[in-house]
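Engineer:
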Ligand SMILES: NC(=O)c1ccc[n+]([C@@H]2O[C@H](COP(=O)([O-])OP(=O)(O)OC[C@H]3O[C@@H](n4cnc5c(N)ncnc54)[C@H](OP(=O)(O)O)[C@@H]3O)[C@@H](O)[C@H]2O)c1
């Protein structure tokens with residue numbers, strides 16, 4: 713039994729999956745929450761759809777049981793990584809309320825719900841890492857709900873930092889730049905020319921690999937000197 717545990721959302725692919733590998737290599741046991749079962753050795757799966765606010769009603773009991781099974785002492789460190797994300801193309805001129813609410817539920821409310829399930833059993837040395845975006849602090853056109861939600865996530869992280877004063881739990885928001893995952897590829901319709909154009913806006917002229925984001929998340933989770941920080945991890949974006 714490990715005394716270090718990662719509870720991550722959206723570990724079924726992309727950045728989340730890479731983060732799981734990174735934490736497993738450091739001896740963490742892992743619990744993943746996503747809609748698609750991860751099917752990875754050593755990872756406990758809780759299959760939930762976080763776009764439904766009621767996910768927490770069924771999910772809380774299962775999550776508690778999974779944590780207790782892997783950490784019976786109740787004394788270990790828990791790292792929570794709020795990584796699951798939903799990106800829709802929409803505009804402030806036309807975004808529908810229902811669609812807006814769904815993005816806010818997955819990207820902002822669900823992390824707050826998960827915190828409330830886990831905080832009572834989190835000990836000093838634990839950490840809460842939010843996965844934001846470059847769009848946590850700037851905006852682009854046609855991503856209204858996503859931009860709004862990722863800005864809100866920074867607010868949630870800062871509120872977390874203030875509300876947990878004295879707890880020994882630290883928190884950060886890691887903000888990825890363009891990372892080569894299904895989310896990015898789907899967003900550009902799988903168009904390689906668009907991906908190349910995106911890469912040309914990065915100082916290293918390439919996309920970030922999910923493993924690089926996993927390293928950044930690991931630092932944010934394990935180095936408490938970073939607390940309340942917005943940590944951009946984007947390889948340097950060329951200012952236009
Ligand atoms: N890739 C980029 O360029 C980039 C840039 C900036 C920020 N980010 C952020 O990084 C994080 C990870 O992104 P990624 O690129 O790795 O995305 P991805 O490949 O699309 O993976 C997203 C993950 O979120 C989970 N998820 C989505 N909706 C969910 C729901 N309703 N309930 C539960 N889980 C759900 C998915 O699992 P299931 O489908 O199995 O449920 C999947 O594991 C996101 O927060 C994203 O906003 C990514």
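In this note's numbering, the protein residues as written are 713 to 952. Note that CB positions come from ideal geometry on N, CA and C, so glycine has one too. A quick note: this is a predicted structure, and the numbers were derived from the prediction, not measured.
Is the Cβ-Cβ distance between residue 869 and residue 773 less than 9 angstroms?
Structural biologist: No, the pair does not count as a contact, with Cβ atoms beyond the cut-off.
Engineer: Residues in the same chain with beta-carbon distance under 6 angstroms from residue 749, minus the five sequence neighbours each way, listed in chain order, please.
Structural biologist: 757, 759
Engineer: Ignoring anything shorter than 4 residues, give me the alpha helix (DSSP H) runs that lie fully in the region 759-806, in order along the chain.
Structural biologist: Listed in chain order, they are 767-782.
Engineer: Under the DSSP definition of a beta bridge, which residues are partnered with residue 756?
Structural biologist: 743
Engineer: Given this structure, state the Cα-to-Cα distance separating residue 713 from residue 806, to the nearest angstrom.
Structural biologist: Confidence at residue 713 is low in this model, with a pLDDT of 47, below 50, so the placement of that residue is unreliable and no value is reported for it.
Engineer: Cβ of residue 865 within 8 angstroms of any heavy atom in ligand 3?
Structural biologist: You won't find ligand 3 in this model; what it holds is ligand 1.
Engineer: Count the other C-beta atoms from every protein chain shown that fall within 10 angstroms of the C-beta of residue 817, then say buried if there are 16 or more, exposed otherwise.
Structural biologist: Buried: at least 16 other Cβ atoms inside 10 Å.
Engineer: Among the candidates 914, 833, 865, whose CA atom is the shortest distance from the CA of residue 777?
Structural biologist: 833
Engineer: Grab the span of the alpha helix (DSSP H) containing residue 896 for me, first residue to last.
Structural biologist: 894-899
Engineer: Using alpha carbons as the reference points, say which of 838, 863, 857, 828 lies closest to residue 844.
Structural biologist: 863
Engineer: Using a 10 Å radius around the Cβ and a threshold of 16 neighbouring Cβ atoms, would you call residue 784 buried or exposed?
Structural biologist: exposed
Engineer: Would you decide whether residue 917 is buried or exposed? Buried here means 16 or more other CB atoms lie within 10 Å of its CB.
Structural biologist: exposed
Engineer: Does the Cβ of residue 802 have 16 or more other Cβ atoms within 10 Å, making it buried, or fewer, making it exposed?
Structural biologist: buried
Engineer: Verify the contact flag: residue 761, CB atom, against every heavy atom of ligand 1, threshold strictly below 8 angstroms.
Structural biologist: yes
Engineer: Would the region 908-916 and the region 924-935 be scored as touching if the rule is three or more Cβ pairs under 8 angstroms?
Structural biologist: no
Engineer: Taking C-alpha atoms, which residue in 788, 725, 907, 763 lies nearest to residue 739?
Structural biologist: Ranking the options by Cα distance to residue 739, first place goes to 788.
Engineer: From the DSSP output, which residues share a beta bridge with residue 925?
Structural biologist: According to DSSP, which records beta bridges pairwise, residue 925 is partnered with nothing at all.
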